[in-house]
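Working notes, structure below.
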Amino acid sequence: MMKTLARGVRVLVAAVVLAPAAACVASPAPEATPWHEPSWFAEQAREREEARAAMQGCMDGLGWTLTMNEYGGTSTPFSDDATRERFSADAQRCRAENGLDREFALTASEASALYDRQLETRECLRQEGVDLPDPPTRETFVENAPRFAAGDETATWWEPYADLYDLEERDLVDAATSTAAQGACPQYWVR
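Residue numbers 958 to 1148, in the working numbering, belong to the letters of the sequence shown in order.
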């Protein structure tokens, strides 16, 4: 009986002494979750094309033979101010007719949702090999974005594309990498 008790005490002492050491054993690193393109990438591409097609149809109907983008603009240069002014007036008319002339304003809730989209775009750019700086906190973004949208010049705006352009301008990302990343990762379209 004494032998069994002594053995039990030794096992208990060993367990107490070795338990902290066992806790120090490195556990396997968690596996990285594979990145998947968010569904809004495809939804946004469809919406942008619908907006572009609506603008194109409207401007074609007004006699323009220019390729339009989803913002109601074109990359075609104008030869004179009168043509540019007529184009601007017609494009504004077409944006209004197609519901694309929305004022840019954000509530805190919309800013929070936008922050999530910006983070998803940022992760896509990172997956494409672009080493971006850390984003602002959600709280900072949600505080500043509505103020910035309302025209407050003291508020800051953040988006991963601005970081990408900054890195490219400072020659920290080459043009080919930037172009490939931009092709793979849509900039969130706030309309």
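Virtual Cβ for every residue (Gly too), placed ideally from N, Cα, C.
Whether residue i touches residue j by CB criterion (7 Å)
i       : j       : result
Pro1103 : Ala1068 : yes
Arg1079 : Leu1089 : yes
Trp1146 : Gln1001 : yes
Ala1138 : Leu1082 : yes
Val1087 : Leu1129 : no
Tyr1118 : Gln1144 : yes
Glu1042 : Cys1015 : no
Thr1205 : Met1025 : Lying before the first or after the last residue shown, residue 1205 is absent from the chain, which here runs from 958 to 1148.
Ala1048 : Val1099 : no
Arg1009 : Glu1027 : yes
Ala1106 : Phe1035 : no
Glu1125 : Ser1135 : yes
Buried versus exposed, by CB contacts within 10 Å (16 or more), residue i
i       : result
Glu1077 : buried
Phe1029 : The sequence given here places Gly at residue 1029; Phe does not occur at that position. Counting Cβ neighbours within 10 Å, Gly1029 comes out buried, since at least 16 surround it.
Thr1111 : exposed
Arg1074 : buried
Pro991  : exposed
Arg1052 : buried
Glu1116 : buried
Ser1045 : exposed
Ala1132 : exposed
Reduced DSSP secondary structure (H/G/I, E/B, other) of residue i
i       : result
Arg1059 : coil
Val1099 : helix
Ala978  : Because the pLDDT at Ala978 is just 45, under 50, the model does not fix this residue reliably, and the value given afterwards should be weighed accordingly. It is helical.
Trp997  : helix
Pro1143 : coil
Asp1120 : helix
Ala1235 : Residue numbering for the chain in the displayed model covers 958 to 1148; residue 1235 lies beyond these limits and cannot be assessed.
Ala1107 : coil
Arg1127 : coil
At 4 residues or longer, and completely inside the stretch 1014-1095: list those alpha helix (DSSP H) runs for me, N to C. 1038-1054, 1065-1084
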